[in-house]
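Undergrad: In this note's numbering, each residue's number is its place in the sequence shown (first place is 1) plus 1.
Ideal Cβ positions, reconstructed from N, Cα and C, are used throughout, including at glycine.
Have a look at the structure that comes next, please.
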Amino acid sequence: MLNIAINGFGRIGRNTLRNIFLREAFDELQVIAINDLTDTKTLAHLFKYDSVHGPFPGTVTHDEKHIIVNGLSILVTNEKDPAALSWQKLQIDIVIESTGYFTSRDKAALHLEAGAKKVIISAPAQDKDISTVVLGINDSVIDLSASILSNASCTNN
2 MLNIAINGFG RIGRNTLRNI FLREAFDELQ VIAINDLTDT KTLAHLFKYD SVHGPFPGTV
62 THDEKHIIVN GLSILVTNEK DPAALSWQKL QIDIVIESTG YFTSRDKAAL HLEAGAKKVI
122 ISAPAQDKDI STVVLGINDS VIDLSASILS NASCTNN
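Right under this line is the structure:
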């Protein structure tokens with residue numbers, strides 16, 4: 002089981018969570034936390050009512066610090082600085098970096114400083130030494146020892 006955190010709960014962050022639930026990937030992936038500057042009420046509403054994919058087919062509620070999807074509670078934090086996040090305490094294995102802002106090695110590495118083991122950037126990386134992977138095209142280049150990886154552009158996936 003991998004513990005996942007999503008940094009940025011815009012279109013890409015919400016679709017990441019939606020796919021984990023729709024594919025029933027709970028045996029492999031557990032979303033522990035979402036970091037976004039928006040309040041939980043708005044995040045829950047945006048997740049439940051997607052203007053492109055339609056309504057989420059399960060239950061979505063919220064409290065002050067969580068969104069609750071199909072009964073599973075996900076912590077929501079509102080931290081601008083990734084280095085200040087509690088990834089170590091939450092035992093986060095992988096951060097999905099989907100803000101579109103932390104795309105350089107130095108910026109993405111702030112999640113590692115906070116205790117995450119790996120970061121997947123959902124945009125092209127700014128540094129040439131970060132592998133850019135498009136699943137089904139060049140996923141053979143994935144280096145499992147790499148701590149930061151780019152999943153290419155959101156328009157590719």
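1) Excluding the 5 residues flanking F22 on each side, which residues of the same chain have their C-beta closer than 8 Å to its C-beta?
2) In chain order, what residues of the same chain lie with their CB nearer than 8 Å to the CB of D82, ignoring the 5 residues before and after it?
3) What does the Cβ neighbour count give for F10, buried or exposed, with the cut at 16 atoms within 10 Å?
4) Could you tell me which uninterrupted beta strand (DSSP E) segments, each at least 3 residues in length, are contained entirely in the stretch 119–151, listed from first to last along the chain?
5) Could you tell me whether the Cβ atoms of E78 and A34 are closer together than 8 Å?
6) DSSP state of H54, grouped into three classes?
TA: Here's the rundown:
1) Residue mapping note: residue 22 aligns to position 21 of the sequence shown, counting from 1. Result list for F22: F57, G59, V70, N71, in chain order.
2) Here residue 82 refers to the residue found at position 81 when the sequence shown is read from its first residue. The answer, listed in chain order, is L111.
3) Here residue 10 is taken as the residue at index 9 of the sequence shown, counted from 1. Classification of F10: buried, given that the 10 Å Cβ count is 16 or more.
4) Whole beta strand (DSSP E) segments, 3+ residues: 119–122, 149–151.
5) On the sequence shown, position 77 is the one that residue 78 refers to. On the sequence shown, position 33 is the one that residue 34 refers to. The question names Glu, but residue 78 is Thr in the sequence shown. Yes.
6) Here residue 54 refers to the residue found at position 53 when the sequence shown is read from its first residue. H54 falls in the coil class under three-state DSSP.
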